[in-house]
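*Asks:* Here it is: the structure, laid out below.
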Amino acid sequence: MNNKYLREELIRESGVNPKKCMKCGKCSATCPAYDEMEYHPHQFVSMVESGDIQPLLQSESLYKCLSCFACIERCPRGVEPAKLVEAVRLAAIRKQGENRMTANDVAEFLDEDVPQQLIVSAFRKYSK
Amino acid sequence: MKVSYFPGCTLKNKAKDLDLYAYKSAEALGVTLEEIENWQCCGGVFTTARDEVATKLSSVRALKEAFSKEQPLVTVCSACHNVIKQTNHAVQNDKEFSDKVNRYMGEDGGYFGEAEVYHYLEMLRDLVGFDALKEKVVNPLKGKKIAAYYGCLLLRPGSVMKMDDPENPSIMEDFIKALGAQPVVYAKRNECCGGYVSVESPDLAKKSSNQVVQNAKMQGAEMIITACPLCKYNLLKNGADIPVVYFTELLAEALGVKEDTDEQ
Ligand code: SF4
Ligand code: SF4
C-alpha cells in the first residue's frame, strides 16, 4: 500500500484528525507505557500526519500500548492518539501471517488464576 | 425493579464471586437481575477502529434485547461495561457503522442505540440510591480504610462512559461511605494496572500494578476494591500485600448476604 493511501486509510479508520495536534506532548507525558515505547503517542500523530508510517508498522511500540485511554482523555486538543495506535496495529496484524499472538502462546502465560478476560483481550489486541 | 443483566465470560468462570455477590446483593436491594438470553462474550476490549464490525455484534445483540424488554442493561465487569457502552455510543453516533451493523444482523427494526447502559455501581447510585443502600446496610464496615481502584476501563473515555468525572471520580468512594467504611483517596486510583499487556510485557504490568498498590498503601489503605477481574489478577500477581477484592463482595458483606452466598 502506498503511503498516501495508507495515511488516508488510517485517518478514516481511526477518526483522528492529526492536524489538530499542537505538539504539546501531554499524551506522551501521561502514557504509562512511555519507557517501553520506541515511538510515543505524540509521534504516532506526527508520523501519520507526515506519511512516515513504515517505521510505526514495524515498531514494537504497537504491542506496548495498554489501551488505557489516558492519552485520549488528557489531550487538550481532543486528538485521541490511541485511536491511531490502534489503527496502525490493526494494519500490521491484519496482514496474512502477521499475528502477534497465536493460540499456542496462551500456554506460556496461562496459570490457575488467569481470568478469561485476559485471554480474550489479548487475542483482540494481538491477533486478527 | 427488574433490569437486564450481562454477566460476561469471566464472571461465569474465574470471577464467580463478582457475579454471585452481585445477584445476592441486588436481591437484598429489591432489584432483580434478569440475565440476557444467549449472551456472547463482549471480547474484553473495545476496538476504536471504525471498520471492525463483527467484534461489536455481541454487545449490540445484548443492547437490543434489553431495549426490547424496556429495561436498562446492567453490567458488573469493568471490561464488559466499557465495551458495551462504547459500542452503544458508536451505534448512536456513527451512521456508517450502525448501517453496517443493522445490515449484518438483518433483522427488522434495526437498533440505533436506544438502550440505557448502567454499570452496577451506577445502578446503585442512580437507580437504587446510595442513601437507600445505606439504610439497608446491616453490617457496617466501620473504620475500615478502603481504596477504590477505578483503573482505566470504568471511567474512560469520559465523554462516552459518563459515569463520573474521569480525573476526580467519587462514585466508588461514595459507595464505600454508604457501607460505613472509610474511603482512601490516592493519585493512582484511575491509572492502568497494565491490562492485557501482562502477556506481552510482564515487567510493564508489574511496574504499573506496583505503583497502584504502593500508592494506595502509602495513603493508609488496608484493602483495595475493584470491579475488574483483570485488575484484580494483575495487582495480586504482581505482589499486592493487602487484600484486593471485588466491590460486590464488600457489598454482600455489608448487606449481610455474604454468608448465605458462601454456603452455596
Ligand atoms: S496531547 Fe494532543 S495536542 Fe498534545 S501532542 Fe498529544 S496529540 Fe498532540
Ligand atoms: S492508550 Fe496507549 S498510547 Fe495512550 S496513554 Fe495508554 S498506553 Fe499510552
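Going down the list, the protein sequences come from chains A and B. Each residue of the first sequence is one higher than the one before, starting from 563 at the first, in my numbering. Each residue of the second sequence is one higher than the one before, starting from 88 at the first, in my numbering. Built from N, CA and C at the ideal position, the CB exists for glycine as well.
Under a three-way DSSP split, which group does V224 of chain B fall into?
*Replies:* DSSP places V224 of chain B in coil when its eight states are reduced to three.
*Asks:* Interface residues of chain B around V671 of chain A at Cβ under 7 Å?
*Replies:* The question names Val, yet the displayed sequence has Phe at residue 671 of chain A. By Cβ distance, chain B contributes V286.
*Asks:* Give the residues of chain B in contact with K626 of chain A, contact being defined as C-beta atoms less than 9 Å apart.
*Replies:* Per Cβ cutoff of 9 Å: V284, E287, S288 and L291.
*Asks:* Helix or strand or just coil, what does DSSP make of M310 of chain B?
*Replies:* Here M310 of chain B sits in strand by DSSP.
*Asks:* How would you write the range of the beta strand (DSSP E) that F184 of chain B sits in, first residue to last?
*Replies:* It is not in any beta strand (DSSP E) - F184 of chain B instead sits in the alpha helix (DSSP H) that spans K182 to M192.
*Asks:* Taking 7 Å as the line, does the beta carbon of F133 of chain B fall inside it for any heavy atom of ligand 2?
*Replies:* No.
*Asks:* In chain order, what residues of the same chain lie with their CB nearer than 8 Å to the CB of C128 of chain B, ignoring the 5 residues before and after it?
*Replies:* Once the five neighbours on either side are set aside, the close Cβ partners of C128 of chain B are G95, C96 and S145.
*Asks:* Quick one, which residues of the segment 267-279 of chain B are near chain A if we go by CB-CB under 9 Å, in chain order?
*Replies:* Answer set for the segment 267-279 of chain B: N277, E278 and C279.
*Asks:* Any contact between the segment 588-601 of chain A and the segment 284-300 of chain B? By contact I mean 3 or more CB pairs, one from each, below 8 Å.
*Replies:* Touching, per the Cβ criterion.
*Asks:* Any contact between the segment 634-647 of chain A and the segment 599-611 of chain A? By contact I mean 3 or more CB pairs, one from each, below 8 Å.
*Replies:* Because the criterion of three Cβ pairs below 8 Å is met, the segment 634-647 of chain A and the segment 599-611 of chain A touch.
*Asks:* What residues of chain B sit near I634 of chain A, judged by a beta carbon separation below 8 Å?
*Replies:* The contacting residues are R243 and P244.
*Asks:* Starting from K232 of chain B, trace the alpha helix (DSSP H) both ways and give me its first and last residue.
*Replies:* Where K232 of chain B is concerned, there is no enclosing alpha helix (DSSP H), although the beta strand (DSSP E) it sits in stretches over K232 to A235.
*Asks:* Straight-line CA distance for R212 of chain B to D251 of chain B?
*Replies:* Distance between the alpha carbons of R212 of chain B and D251 of chain B is about 11 Å.
*Asks:* Which stretch, first to last residue, makes up the beta strand (DSSP E) that contains S91 of chain B?
*Replies:* Run containing S91 of chain B: K89 to F93, per the beta strand (DSSP E) assignment.
*Asks:* Closer than 8 Å by C-beta to V178 of chain B: which residues in its own chain qualify, once you throw out the five before and the five after it? Chain order, please.
*Replies:* Hits under 8 Å: V147, L150, F184, S185, V188, Y198, F199 and G200.
*Asks:* When you measure from the CB of F154 of chain B to every non-hydrogen atom of ligand 2, does any distance come out below 7 Å?
*Replies:* Checking the Cβ of F154 of chain B against ligand 2 gives no.
*Asks:* Closer than 7 Å: is that where the CB of V610 of chain A sits relative to any heavy atom of ligand 1?
*Replies:* No, ligand 1 has no heavy atom inside 7 Å of this Cβ.
*Asks:* Could you tell me whether the Cβ of Y601 of chain A comes closer than 8 Å to any Cβ of chain B?
*Replies:* Chain B, which has no Cβ nearer than 8 Å to the Cβ of Y601 of chain A, makes this no.
*Asks:* So, at 6 Å on beta carbons, what are the nonlocal neighbours of A314 of chain B in its own chain, with the 5 sequence-adjacent residues on each side left out?
*Replies:* Answer for A314 of chain B: S165 and F334, listed in chain order.
*Asks:* Buried or exposed: which applies to T119 of chain B, given that a residue is buried once 16 or more other Cβ atoms fall within 10 Å of its Cβ?
*Replies:* T119 of chain B should be labelled exposed.
*Asks:* Please confirm whether any heavy atom of ligand 2 lies closer than 7 Å to the CB of A632 of chain A.
*Replies:* Result yes, Cβ under 7 Å from ligand 2.
*Asks:* Between M248 of chain B and ligand 3, is the CB less than 7 Å from at least one heavy atom?
*Replies:* Because ligand 3 does not appear in the structure shown, any question about it cannot be addressed here, the ligands present being ligand 1 and ligand 2.
*Asks:* Is any non-hydrogen atom of ligand 1 found closer than 7 Å to the C-beta of M584 of chain A, if you look at the structure I gave you?
*Replies:* For ligand 1, at least one heavy atom lies less than 7 Å from the Cβ of M584 of chain A.
*Asks:* Please specify which runs of the beta strand (DSSP E), each continuous and at least 3 residues long, are wholly inside the segment 271-333 of chain B, giving them in chain order.
*Replies:* With a minimum length of 3 residues, the continuous beta strand (DSSP E) runs that stay inside the segment 271-333 of chain B are 310-313 and 331-333.
*Asks:* Within 10 angstroms of the Cβ of K566 of chain A, are there 16 or more other Cβ atoms? Answer buried if so, exposed if not.
*Replies:* It counts as exposed.
*Asks:* In chain order, what are the residue ranges of uninterrupted alpha helix (DSSP H) at least 4 long that sit wholly in the segment 601-651 of chain A?
*Replies:* Listed in chain order, they are 603-612, 616-619 and 632-636.
*Asks:* Measure the alpha-carbon distance for L98 of chain B versus D104 of chain B and round it to whole angstroms.
*Replies:* Looking at the two C-alpha atoms, the distance is approximately 7 Å.
*Asks:* Do the segment 630-644 of chain A and the segment 615-622 of chain A make contact, defined as three or more Cβ pairs closer than 8 Å?
*Replies:* Touching, no, given that fewer than three Cβ pairs across the two stretches are closer than 8 Å.
*Asks:* Only counting the same chain, and skipping five residues up and downstream in sequence, which positions put a Cβ closer than 6 Å to that of E598 of chain A?
*Replies:* Around E598 of chain A: K626.
*Asks:* Within 7 Å: the Cβ of T313 of chain B and any heavy atom of ligand 2?
*Replies:* No.
*Asks:* Could you tell me which chain A residues have their CB closer than 7 Å to the CB of P316 of chain B, listed as they occur along the chain?
*Replies:* Chain A residues near P316 of chain B: P677 and Q679.
*Asks:* Quick one: is Y191 of chain B buried, meaning 16 or more other Cβ sit within 10 Å of its Cβ, or exposed?
*Replies:* Under this definition Y191 of chain B is an exposed residue.
*Asks:* Taking 8 Å as the cut-off, decide whether the C-beta atoms of L323 of chain B and V332 of chain B are in contact.
*Replies:* In this structure, V332 of chain B does not lie closer than 8 Å to L323 of chain B by Cβ.
*Asks:* May I ask you to list, following chain order, the residues of the segment 578-599 of chain A that have a beta carbon less than 7 Å from some beta carbon of chain B?
*Replies:* For the segment 578-599 of chain A, which is checked against every Cβ of chain B, the residues closer than 7 Å are P594, A595 and E598.
*Asks:* Run down chain B in chain order and give the residues with a C-beta less than 9 Å from the C-beta of A654 of chain A.
*Replies:* Result: empty, since nearest Cβ-Cβ is about 12 Å, beyond 9 Å.
*Asks:* Could you tell me how far apart the beta carbons of K172 of chain B and E121 of chain B are, in whole angstroms, since I believe they sit closer than 8 Å?
*Replies:* The Cβ separation is near 19 Å, so there is no contact.
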